[in-house]
Amino acid sequence: MTKNQKRILNQIKDKVNNNNAVISKSDKGNSVVIICQNTYHEKVMNFIHNNKFANITGDVTKKFQKALRKNIIECPHIKKTLFKLIKYKIVVFEEV
Numbered sequence: 000m001t002k003n004q005k006r007i008l009n010q011i012k013d014k015v016n017n018n019n020a021v022i023s024k025s026d027k028g029n030s031v032v033i034i035c036q037n038t039y040h041e042k043v044m045n046f047i048h049n050n051k052f053a054n055i056t057g058d059v060t061k062k063f064q065k066a067l068r069k070n071i072i073e074c075p076h077i078k079k080t081l082f083k084l085i086k087y088k089i090v091v092f093e094e095v
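Residue numbering for the sequence shown follows numbering that gives the first Met the number 0, beginning at 0 and increasing consecutively.
Here you go:
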């Protein structure tokens, strides 16, 4: 990066910080947008609300891993291959 590019980049960062803005990738296309922090926060909160996200307490990773293992083992299409992999110790499943 040249000195001039660094100077321009620092000027952009300063303007963004001084004006309480956020630099983000746009929703559509391959571009970048500069948006006010308050507007960005509102858009994020609307997205979360409209898509019915929910707060979870604790780590649910083990629960999902257990369900995934169960479904993999019960799937008839991969059951035969999976048992071969286990037999030859290529894949090892641990109980959760």
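The beta carbon of each residue, even a glycine, is placed where N, CA and C say it ideally should be.
Non-local C-beta neighbours of residue 25 in its own chain, meaning closer than 8 Å and more than five positions away in sequence, comprise 31, 32, ordered along the chain. Distance between residue 42 and residue 34, taken at the CA atoms: about 10 Å. Between residue 78 and residue 72 the beta-carbon gap is near 7 Å, inside 8 Å, which marks them as a contact.
Per DSSP, the unbroken beta strand (DSSP E) holding residue 20 starts and ends at 20-24.
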